[in-house]
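Numbering (my numbering), first residue to last: 10 to 301.
All C-beta atoms, glycine included, are put in the ideal place defined by N, C-alpha and C.
Some notes on the structure that comes next.
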Amino acid sequence: MQSLFECIPCIIRQSLDIARLNHLNEVKKLKLLRMVMKKLENIDPLQTTPPEATKWAHDIIKKYLKKKDLYAQAKKDQNKLALKLLPWAEKEIKRSKDRLLTAVKLAIAGNIIDYGTASFFSIEDSLKAIEHQKFAINYYPKLKKALKHSKNVLYIGDNAGEIVFDTLLVKELLLQGHPITFAVKSDYVLNDALMEDAVAAGMHKLVPVIESGSKTAGTLLKEATPLFKKQFKKADLIIAKGQGNFETLPVGDKRIFFLLKMKCVYLGQKVNTKLGDIILIQGNPLLSKKLQ
């Protein structure tokens, strides 16, 4: 998906958030923002995905701050908080009339944990509200139908903390007899989940966990490892979490079911959804028609 012009001020806002997170003084904040804005001058939004543009800005920030992981402590904190909330979420599934649907919704609720699109969020509020929230785009019946015939599921994760709630959906899929491979990032990207986060969440005890190789938010297949490409090709059903994957994975691939909360007003307008809406969509047909 090509970037929207509105992505540029969002990247600048995100850069300022990182500066605050790292307690930079006003002089250093200004210097950092000027460096980022200079880089953004050379970006053609029509030829660049939002995650790619974000990565270029973050590369500058990492070099300036001399840090590989800009969200190291934040990710640890979100994993700990999610693990504390996990027993409550497990009880919600046990008392549910449709365990799979509840697990899907709770996994989407976890997608609120995103430092790329928001400075402040409440995972507790997101979890409690999700039960009564209706899908803005609902392909759940098609997901259930596709699962009946699937023999190889690839689950592409998104954020740290969120991955804890992904274990709920993975467990439900395993109970239905679906072999699953879970994919995490290979490098430090925003607060995206890495192998260490999969271990913290206990995902590695449930299913094989592999690294995607992608160095941007979302999943760019041109960056993927040979193993990930093999699993991607082999999978007959793919679950992809978050807006980054929604923006970067191939459009029109009906094997892919995207699970996300809409966190961008402008992207939401393009696909007829509002900020905060929950989405379960197959193959990304709306994005294919409206943005490509």
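Start and end residues, beta strand (DSSP E) containing residue i
i      : result
Lys283 : Premise fails: Lys283 is in no beta strand (DSSP E) and is neither H nor E.
Ile70  : Taken as a continuous stretch (DSSP letters only), Ile70 belongs to no beta strand (DSSP E), being part of the alpha helix (DSSP H) at Pro59 to Leu74.
Val218 : Val218 to Glu220
Gln291 : Ile287 to Gln291
Phe266 : Ile265 to Lys270
Lys250 : Leu246 to Lys250
Candidates the options: closest to residue i by CA position
i      : options                           : result
Lys136 : Ala98, Leu284 and Thr282          : According to the sequence as given, residue 136 is Leu; it is not Lys. Looking at the Cα atoms, Ala98 is the closest of the given residues.
Met212 : Tyr80, Leu177 and Gly186          : Leu177
Lys214 : Ser223, Ser221, Gly222 and Met204 : Met204
For residue j and residue i, believed in contact at Cβ under 8 Å, the rounded distance
i      : j      : result
Ile219 : Leu236 : 6 Å
Lys194 : Ala202 : 6 Å
Tyr149 : Leu269 : Actually they do not touch by this definition, with Cβ atoms about 14 Å apart.
Ile165 : Ser221 : 7 Å
Leu115 : Phe174 : 5 Å
Distance, residue j Cα to residue i Cα
i      : j      : result
Leu25  : Ile132 : 23 Å
Asn88  : Asn168 : 10 Å
Ile122 : His141 : 19 Å
Ile265 : Val216 : 19 Å
Gly251 : Ile172 : 11 Å
Gln82  : Gly170 : 12 Å
Leu246 : Ala155 : 7 Å
Same chain, Cβ closer than 6 Å to residue i, five either side skipped, listed in chain order
i      : result
Leu109 : Glu181
Gly253 : Pro60, Ala226 and Gly227
Ala244 : Asn161 and Leu163
Leu39  : none
For residue i, the first and last residue of its enclosing alpha helix (DSSP H)
i      : result
Ala112 : Arg108 to Ala118
Ser209 : The sequence shown places Ala at residue 209, rather than the Ser named in the question. Start and end: Met204 to Ala210.
Asn88  : Ala81 to Lys103
Same chain, Cβ closer than 8 Å to residue i, five either side skipped, listed in chain order
i      : result
Val45  : Ile20, Ile21, Ser24, Ala66, Ile69 and Ile70
Asp53  : none
Lys299 : Since pLDDT at Lys299 reaches only 43, below the 50 mark, its modelled position is unreliable, and the value read off the structure follows with that caveat. Lys279 and Val280, listed in sequence order.
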